[in-house]
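Visitor:
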Amino acid sequence: LMNRSFLRNRIEFLGILEGTKQYASDIQTIQKGDQSNYNKKCGTSKDDNLASKSKLNDVLLLIVKYLTDINNSQSLSKDSRICVGRALVFLGVTEQGITMWEESLDCFKKALRIFRGIGFEENH
Numbered sequence: 225l226m227n228r229s230f231l232r233n234r235i236e237f238l239g240i241l242e243g244t245k246q247y248a249s250d251i252q253t254i255q256k257g258d259q260s261n262y263n264k265k266c267g268t269s270k271d272d273n274l275a276s277k278s279k280l281n282d283v284l285l286l287i288v289k290y291l292t293d294i295n296n297s298q299s300l301s302k303d304s305r306i307c308v309g310r311a312l313v314f315l316g317v318t319e320q321g322i323t324m325w326e327e328s329l330d331c332f333k334k335a336l337r338i339f340r341g342i343g344f345e346e347n348h
């Protein structure tokens, strides 16, 4: 999941929002599996669990960086910018679910800047 080329190909194939949702789903599945394994294994340390969570955080941050780079592209259409904004909101919610509070707020702020830049009303 940390491969930027794989991320780009997946988003190009599924679309910005759906590709992001699929990545988030993969992360949640891995996180649940890691937690289940942590609970089942006697010799697994909390450090192993934290390392796994850190890797998932890195994947989320990679997606946010990739979406930010896409949005900075001069040739991106308004509809694509809307998809990037929605994907950032979705990632913000996902990050909240794994207690990445600052990162979540950052995603929401980036999405808000995108929506304002497009000209959306405050109450949109």
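For the sequence shown, this note's numbering begins at 225 and goes up steadily by one.
All C-beta atoms in this analysis are idealised placements derived from N, C-alpha and C, irrespective of residue type, glycine included.
The model shown is predicted, which means the values in this text are computed figures rather than measured ones.
1) Can you list, in chain order, the residues of its chain with a C-beta nearer than 8 Å to that of V313? Leave out the 5 residues immediately preceding and following it.
2) Just to confirm, does G239 get its C-beta within under 7 Å of one of the non-hydrogen atoms of the ligand COA?
3) Using 10 angstroms around the beta-carbon of E345, count the other beta-carbons present and answer buried if the total reaches 16, otherwise exposed.
4) Give me the Cβ distance between L315 and T244, rounded to the nearest whole Å; I'm assuming they're in contact under 8 Å.
5) Which stretch, first to last residue, makes up the alpha helix (DSSP H) that contains L329?
6) Please report how far the alpha carbon of I338 lies from the alpha carbon of G309, in whole angstroms.
7) Return the Cβ separation of L286 and M226 in integer angstroms, given the expectation that the two are a contact with Cβ distance under 8 Å.
8) Alpha carbon to alpha carbon, what distance is there between R305 and Y262?
9) Need the endpoints of the alpha helix (DSSP H) that N233 sits in, please.
Guide: Quick look at the numbers:
1) Closer than 8 Å at Cβ, skipping near neighbours: C331, F332, A335.
2) Among the components of this structure there are no ligands whatsoever, and the ligand COA is therefore not found.
3) Around the CB of E345, fewer than 16 other CB atoms lie within 10 Å, so the residue is classed as exposed.
4) Sure, about 6 Å apart at Cβ, within 8 Å.
5) From DSSP, the alpha helix (DSSP H) with L329 extends over 325–342.
6) Approximately 6 Å between the Cα atoms of the pair.
7) With 8 Å as the limit, L286 and M226 qualify as a contact, their Cβ atoms being about 6 Å apart.
8) Here the model assigns Y262 a pLDDT of 47, short of 50, so the residue's position is not dependable, and the following value carries that caveat. Roughly 39 Å separates the two Cα atoms.
9) For N233, the enclosing alpha helix (DSSP H) begins and ends at 228–238.
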